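Engineer: Please read through the structure below; I'll follow up with questions.
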Amino acid sequence: MAAPRQAVRQIAPAALPAFTQELDQAADQSRQGSDLAPPQRFVAQWSVCVHIQRHPEIAADLRRWENAAGSGDATQAREAASHIGRILDAARAAVGLPIH
Numbered sequence: 301m302a303a304p305r306q307a308v309r310q311i312a313p314a315a316l317p318a319f320t321q322e323l324d325q326a327a328d329q330s331r332q333g334s335d336l337a338p339p340q341r342f343v344a345q346w347s348v349c350v351h352i353q354r355h356p357e358i359a360a361d362l363r364r365w366e367n368a369a370g371s372g373d374a375t376q377a378r379e380a381a382s383h384i385g386r387i388l389d390a391a392r393a394a395v396g397l398p399i400h
């Protein structure tokens with residue numbers, strides 16, 4: 301996990317504690333259940349995060365829609381959720397992950 305950790309350190313240093321905590325959790329879950337799904341989800345999630353943060357205009361757009369989603373207006377929240385979904389789908393595709 302050295303390369304993903306380095307990418308997070310360079311791109312989003314404030315997220316490094318969350319990265320480390322989630323990595324530890326994924327490793328623990330994998331060991332407890334003899335299951336590779338937790339580390340795979342972890343890598344997918346952080347690959348998407350790093351991709352978005354490497355593109356400041358996409359990151360700013362995502363933050364704007366996340367703020368709009370929390371505005372309290374149901375119509376605006378639905379529109380924001382749709383935009384957030386498209387941003388995440390595009391990022392997943394860009395890093396070679398299937399789109400949900």
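With our numbering applied, the sequence shown corresponds to residues 301 to 400, in that order.
The beta carbon of each residue, even a glycine, is placed where N, CA and C say it ideally should be.
Since we're looking at a predicted model, the values are computed, not measured.
Is it right to say residue 317 is buried, meaning 16 or more other beta carbons lie within 10 angstroms of its own, or is it exposed?
Structural biologist: Residue 317 sits at position 17 when you count from the first residue of the sequence shown. Under this definition residue 317 is an exposed residue.
Engineer: Kindly list the residues whose CB is nearer than 8 Å to the CB of residue 304, restricted to its own chain and excluding five residues on each side of it in sequence; keep chain order.
Structural biologist: In the sequence shown, counting from the first residue as 1, residue 304 sits at position 4. 319, 343, 346, 347, 350.
Engineer: Alpha carbon to alpha carbon, how far is residue 358 from residue 386?
Structural biologist: In the sequence shown, the residue the question calls residue 358 occupies position 58. In the sequence shown, the residue the question calls residue 386 occupies position 86. Straight-line Cα distance between these residues: approximately 11 Å.
Engineer: Excluding five sequence neighbours on each side, which residues of the same chain lie with their C-beta closer than 7 Å to the C-beta of residue 369?
Structural biologist: As a position in the sequence shown, residue 369 is number 69, starting the count at 1. The answer, listed in chain order, is 377, 380, 381, 384.
Engineer: If you run the structure through DSSP and keep just helix, strand and coil, what is residue 354?
Structural biologist: Here residue 354 is taken as the residue at index 54 of the sequence shown, counted from 1. Three-state DSSP puts residue 354 in coil, outside helix and strand.
Engineer: If you reduce the DSSP assignment to three classes, tell me which class residue 383 lands in.
Structural biologist: In the sequence shown, the residue the question calls residue 383 occupies position 83. Helix, per DSSP.
Engineer: Residues in the same chain with beta-carbon distance under 6 Å from residue 335, minus the five sequence neighbours each way, listed in chain order, please.
Structural biologist: As a position in the sequence shown, residue 335 is number 35, starting the count at 1. Correct list: empty, nothing qualifies.
Engineer: To the nearest angstrom, report how far apart residue 302 and residue 326 are at their CA atoms.
Structural biologist: As a first step, residue 302 is located in the sequence shown; it is residue number 2 there, counting from the start. As a first step, residue 326 is located in the sequence shown; it is residue number 26 there, counting from the start. Distance between the alpha carbons of residue 302 and residue 326: 15 Å.
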